[in-house]
Amino acid sequence: MKRHLPLAILLAFWIGLYGCAGPSLPDFSALSLPETAPPTPAQTKVIQTARSLLGTPYRFGGTTPKGFDCSGFIGYVFLKGAGLSLPRTSDDLSESGRPVSVSDLRPADLVYFKIERQKPLHVGIYIGKGRFIHAPSSKGQVNIQRLDLDYWRNRYLGARRLL
């Protein structure tokens, strides 16, 4: 029994470490491939509307091209691009539409992130090929980012489809 004690301790240690492992991160590697189906006209219009707003400044509570916060940007883009009126906050938006897996992301899907514990969700619009467009406070203006960057990959919560 004494000969097996070190092995038992080592095994218990490894099992304990495995149990402490955090959730697995999403695999965005397939997103760099071309989309399997072309976007619908409504999805295309949403993406065109979003892209037309690149460089618009960030403004807390903003809902117009004079300045957007993340959910204000989403609301404006979907209203102008698809005639769809959406909830105002990112938390409320996270309950709209239907959930979508990473492997099934399509242009115009909403992508959600948890930035800080005390803050609500952050939301952007997936535009294809592993990229999304959003209105972040940190960069100061509407811009495009890659989902596979460690910062976003580590904070990714999920996606929802509205169209």
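In this note's numbering, the protein residues as written are 6 to 168.
Ideal placement from N, C-alpha and C gives every residue a C-beta, glycine not left out.
The structure presented is a predicted model; accordingly, all values stated were derived computationally and were not measured.
Residue ranges of each beta strand (DSSP E) run of no fewer than 3 residues wholly in the segment 65-141, ordered along the chain? 103-105, 115-118, 127-133 and 136-139
Measure from the alpha carbon of Leu115 to the alpha carbon of each residue in Arg56, Arg165 and Gly135, then state which is nearest. Indexing the sequence shown from 1 puts residue 115 at position 110. Taking only the C-alpha atoms, the option nearest Leu115 is Arg165.
With burial defined as no fewer than 16 other Cβ atoms inside 10 Å of the residue's Cβ, what is the status of Tyr131: buried or exposed? Position 126 of the sequence shown, counted from the first residue, corresponds to residue 131. Buried.
Terminal residues of the beta strand (DSSP E) in which Arg151 lies: Residue numbering aside, residue 151 sits at position 146 when the sequence shown is read from its first letter. Run containing Arg151: Asn148 to Arg151, per the beta strand (DSSP E) assignment.
Going along the chain, which residues of its own chain have a beta-carbon closer than 8 Å to the beta-carbon of Lys50, five neighbours each way excluded? One-based indexing of the sequence shown puts residue 50 at position 45. Only Gly86 and Ala87 meet the Cβ criterion.
Proximity below 7 Å, CB of Arg151 to CB of Phe118: Looking up residue 151 in the sequence shown gives position 146. Looking up residue 118 in the sequence shown gives position 113. Not in contact: Arg151 and Phe118 (Cβ atoms no closer than 7 Å).
Counting only C-beta atoms, is Gln53 closer than 7 Å to chain B at any point? No chain B appears in this structure, which consists of one protein chain only.
Coil, strand or helix - Arg160 by DSSP: Here the question's residue 160 lines up with position 155 in the sequence shown. Coil at Arg160, not helix or strand.
Three-state class that DSSP yields for Pro44 in the structure shown: Along the sequence shown, read from residue 1 onward, the residue named residue 44 stands at position 39. It is coil, neither helix nor strand.
Euclidean distance between Cα positions of Trp157 and Gly129: Along the sequence shown, one-based indexing puts residue 157 at 152. Along the sequence shown, one-based indexing puts residue 129 at 124. Their backbone Cα atoms lie some 11 Å apart in a straight line.
Same chain, Cβ closer than 6 Å to Gly77, neighbours up to 5 away in sequence not counted: By one-based count along the sequence shown, residue 77 stands at place 72. Contacts found: Gly67 and Thr68.
CB Thr61 to CB Phe73, shorter than 7 Å? Here residue 61 refers to the residue found at position 56 of the sequence shown. Here residue 73 refers to the residue found at position 68 of the sequence shown. Cβ atoms of Thr61 and Phe73: closer than 7 Å.
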